[in-house]
Structures are given as structure tokens and as C-alpha cells.
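> Structure in C-alpha cells, see below.
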């Protein structure tokens with residue numbers, strides 16, 4: 061089965077690579093004893109960027125996997141799983 | 061001036077390195093068309109781990125920089141900056 | 061059209077009534093100059109309880125309205141609306 | 061001891077009263093079987109408004125109680141409590 065996010069794969073990978081770069085930057089900042097608030101600002105940016113990627117994957121997941129499951133076989137389990145992942149996301 | 065998080069520097073760097081590794085893992089999952097929900101779960105974990113690092117830096121910042129500023133010179137600006145960074149964190 | 065949350069209506073109303081009571085309690089605490097941290101704790105509790113109600117409504121919405129729209133007429137608009145509401149929820 | 065939020069008391073009470081009103085409005089919407097997405101939108105608004113009140117109280121708390129504790133007696137316990145409440149807020 062192709063993943064639901066197939067068409068955004070390039071976009072998602074570019075974003076993840078960028079977040080990885082930000083994280084290496086933060087490590088450098090910590091090694092060089094940079095100011096706490098600047099590190100916190102960078103961490104906020106990592107979190108916001110990770111949530112953004114999550115929303116892209118979530119959108120594709122709902123339009124793909126969840127829609128398919130609903131059409132194919134009612135989708136009870138798929139909807140339950142979706143709610144769980146949204147709840148986990150809300151709490152993180 | 062030494063950074064407020066000096067004594068947790070090793071701990072913070074280990075955590076950041078681990079998050080960087082998680083992000084590389086997520087990229088691999090996307091490349092291999094892994095299931096959306098598993099990717100979302102990993103992203104939630106990156107976010108929670110980044111928030112945890114943020115809370116460590118925040119704690120040291122308050123006990124270090126903010127405390128010093130308050131004792132030295134009332135700390136009005138430092139407290140304002142702290143509130144801004146907490147607000148940014150809550151909103152990310 | 062019956063609402064999707066029909067079967068949880070009683071449960072939802074009880075929860076909302078309880079949150080309303082919590083809010084009245086917080087107002088009383090503020091009027092009586094209660095300690096900031098206790099007020100913040102109560103506000104966290106209001107937020108968590110409101111999110112809980114939101115997740116109940118969301119679940120019913122996906123299993124009801126969204127499912128119906130997907131089966132009846134592909135559901136493109138309904139899925140888009142769902143993603144928007146989840147995004148708004150994640151950002152609040 | 062006067063509460064740290066003394067000078068914003070009126071503002072805070074007006075906001076809490078308004079949130080209470082929103083909650084009563086949501087209960088009416090549920091009773092009248094209003095559309096799920098409209099209810100979710102109202103709940104997001106309650107959450108955002110509660111967080112806004114929280115940030116006002118938090119700001120006053122840091123500028124008041126925490127600052128005082130730091131000046132008076134180092135403030136170790138007060139800073140710890142602050143971190144805990146921020147963490148609880150982040151998680152809610």
C-alpha cells in the first residue's frame with residue numbers, strides 16, 4: 061500500500077531535514093554557552109515546525125487511510141486510531 | 061558570563077542528540093512509506109522531548125539569569141523577557 | 061438532521077456544566093485573592109476538561125458527519141473542514 | 061498578603077465571566093443539536109481565552125510572588141513551583 065502522504069513526501073522530507081539542522085544548531089549553541097532565551101526560542105521553533113509536519117501528515121492520513129477505511133469497511137477502528145493520535149498530539 | 065544551564069549541559073546535549081537521532085529515524089520512515097500514524101507518534105515524541113529540554117533550560121534560566129537580574133537590578137526587563145519566552149513556548 | 065453526538069449528549073452536558081461550575085469557583089478564588097498558583101492549577105483543569113469534551117464531540121463528528129459525507133458524496137469538503145477544526149484545536 | 065494579580069483583578073474577572081457565558085452558550089448549542097464543528101470552534105475559543113487569563117496571572121505571579129521570594133530568601137521553592145505550574149500548563 062502506498063502511504064497517504066505520498067504526494068507531500070518531498071515537502072515533508074525537506075521540512076524534517078531542516079528541523080534536524082535546527083537541532084544541530086541548538087547543540088552548537090549549548091556547547092558555546094549561548095544565552096538561555098535564545099536556546100528556548102530555537103526550541104519553540106523546532107516544536108512549531110514539528111507540529112506543522114504533523115498536520116501535513118494528519119491531513120493526508122484523514123484524506124487517505126481514514127477515508128478509505130470508512131468507505132471499505134465502516135472504519136470504526138481507523139476512526140478510533142485517529143482520535144487517539146490527535147489526543148496524543150494535543151497532549152504533547 | 062557562564063550560561064545558567066552550565067551544570068546540565070551534558071544532560072541537555074545528550075537529549076538534543078537523541079532528538080536529532082529521532083528526526084533522522086522519522087525521515088527514514090517517510091522514505092520507506094511507513095504508516096502515517098507511526099510517523100505522527102514519533103513526531104509527538106520529538107515534540108514532548110523538545111519541551112522537556114526547554115523546561116530544563118527554563119528552570120536553570122530562572123534560577124540563574126533571572127534570579128541574578130532581580131537581585132542585581134530589580135530585574136524588570138529580565139522578568140518581561142521570561143514571560144515572553146514562556147508565552148512563546150505555550151503557544152508552540 | 062440529528063447531531064452526531066446525540067448518544068453522548070447527556071455526558072457532554074454534565075461535563076460542560078461542571079466546567080461552568082469550575083469557572084465560577086475560579087472567579088470566587090480571584091475575588092478572595094487566593095494564591096496565583098492555585099488559580100493557574102484550576103485554569104489548567106478547565107483547559108484539560110474542555111479538551112476532553114472536544115475530543116468526545118470530535119470522535120462523534122468523525123464517526124457521524126464525516127463518515128456520512130464520505131460515503132454519500134466523497135466527503136472532500138467535510139474532510140477539509142475536519143482538518144481545519146483539528147488544527148484550530150491543536151493551536152488553542 | 062495581597063495577591064500578585066491585584067492590579068489586574070477587574071480585567072481577570074471580566075474575562076472569567078465571559079468564558080462562563082461562552083460555556084453556557086455551548087450548553088445551549090448542545091441542547092439544540094447544533095453542528096459539531098461549531099461546538100468545537102466554541103470550545104477552542106474557551107481554551108484560548110482560559111490560556112490568556114492564565115498568562116495574565118502567570119505574569120503577575122512572576123513579577124510579584126516569584127520576584128519577592130527570590131529577593132527575600134533565594135526563592136528556590138518558589139522557582140520550583142513556578143516550573144511545575146508552567147509544565148502543567150504546557151501539558152494541558
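Protein chains in written order, with the working numbering: chain Y, 61 to 152; chain P, 61 to 152; chain D, 61 to 152; chain F, 61 to 152.
C-beta atoms are modelled at their ideal positions from N, C-alpha and C, and glycine is treated no differently.
1. For residue 99 of chain P, which residues of its own chain have a beta-carbon under 8 Å away from its beta-carbon, when the five flanking residues on both sides are left out?
2. Could you check the C-alpha separation between residue 80 of chain F and residue 74 of chain Y for me, to the nearest Å?
3. Are any of the Cβ atoms in chain F nearer than 9 Å to that of residue 87 of chain D?
4. Since residue 145 of chain F is in the alpha helix (DSSP H), which residue starts that stretch and which ends it?
5. Contact criterion: CB-CB distance below 9 Å. Does residue 66 of chain D meet it with respect to chain Y?
6. Just checking my contact of residue 65 of chain P with residue 96 of chain Y at CB under 8 Å: how many whole Å lie between their CB atoms?
7. Should residue 126 of chain P be flagged as near chain F, meaning a C-beta pair shorter than 9 Å?
8. Residue 105 of chain D by DSSP, collapsed to three states: which one?
9. Within 9 Å of any Cβ in chain F, is that where the Cβ of residue 119 of chain P sits?
10. Please classify residue 109 of chain P as buried or exposed, where buried requires at least 16 neighbouring CB atoms within 10 angstroms.
11. Does DSSP put residue 110 of chain F in a helix, in a strand, or in coil?
12. Closer than 8 Å by C-beta to residue 130 of chain F: which residues in its own chain qualify, once you throw out the five before and the five after it? Chain order, please.
13. Between residue 78 of chain F and the rest of its own chain, which residues show a CB-CB distance below 8 Å, the 5 nearest in sequence each way excluded?
14. Could you check what DSSP says for residue 92 of chain D in three-state terms: helix, strand or coil?
15. In chain D, what lies closer than 8 Å to residue 148 of chain F by C-beta?
16. If the criterion is Cβ atoms closer than 9 Å, does the pair residue 143 of chain D and residue 122 of chain Y meet it?
17. In chain Y, what lies closer than 7 Å to residue 114 of chain P by C-beta?
If we stick to the structure as given:
1. The sequence position of residue 99 of chain P within the second chain is 39, counting from 1. Around residue 99 of chain P: 86, 89 and 90.
2. Taking the fourth chain and counting its residues from 1, the one referred to as residue 80 of chain F is at position 20. Taking the first chain and counting its residues from 1, the one referred to as residue 74 of chain Y is at position 14. Their Cα atoms are separated by approximately 44 Å.
3. The residue given as residue 87 of chain D occupies position 27 in the third chain. By this cut-off, residue 87 of chain D is an interface position.
4. If you number the fourth chain from 1, residue 145 of chain F lands on position 85. Residues 136–151.
5. Sequence index remark: in the third chain, residue 66 of chain D carries index 6 (1-based). Chain Y contact via Cβ: absent.
6. Within the second chain, residue 65 of chain P is the residue found at index 5, counting from 1. Within the first chain, residue 96 of chain Y is the residue found at index 36, counting from 1. The pair is a contact, with the Cβ atoms about 6 Å apart (cut-off 8 Å).
7. Here residue 126 of chain P corresponds to residue number 66 of the second chain, with the count starting at 1. It does; some Cβ of chain F falls within 9 Å.
8. Position 45 of the third chain holds residue 105 of chain D. Residue 105 of chain D falls in the helix class under three-state DSSP.
9. In the second chain, residue 119 of chain P corresponds to position 59, counting from 1. Closer than 9 Å to some Cβ of chain F, the Cβ of residue 119 of chain P qualifies, so yes.
10. Counting from one through the second chain, the residue named residue 109 of chain P turns up at place 49. Burial call: buried.
11. The residue you call residue 110 of chain F lines up with position 50 of the fourth chain. Note: residue 110 of chain F maps to helix in three-state DSSP.
12. On the fourth chain, residue 130 of chain F is found 70 positions in, with the first residue counted as 1. Correct list, in chain order: 138 and 139.
13. In the fourth chain, the residue the question calls residue 78 of chain F occupies position 18. Excluding positions up to five away in sequence, the list reads 109.
14. Residue 92 of chain D sits at position 32 when you count from the first residue of the third chain. It is coil, neither helix nor strand.
15. Start at 1 with the first residue of the fourth chain, and residue 148 of chain F comes out as number 88. The answer, in chain order, is 100, 101 and 104.
16. Here residue 143 of chain D corresponds to residue number 83 of the third chain, with the count starting at 1. Here residue 122 of chain Y corresponds to residue number 62 of the first chain, with the count starting at 1. In this structure, residue 122 of chain Y lies closer than 9 Å to residue 143 of chain D by Cβ.
17. Numbered from 1 along the second chain, position 54 holds the residue referred to as residue 114 of chain P. Here the neighbours are 100 and 103.
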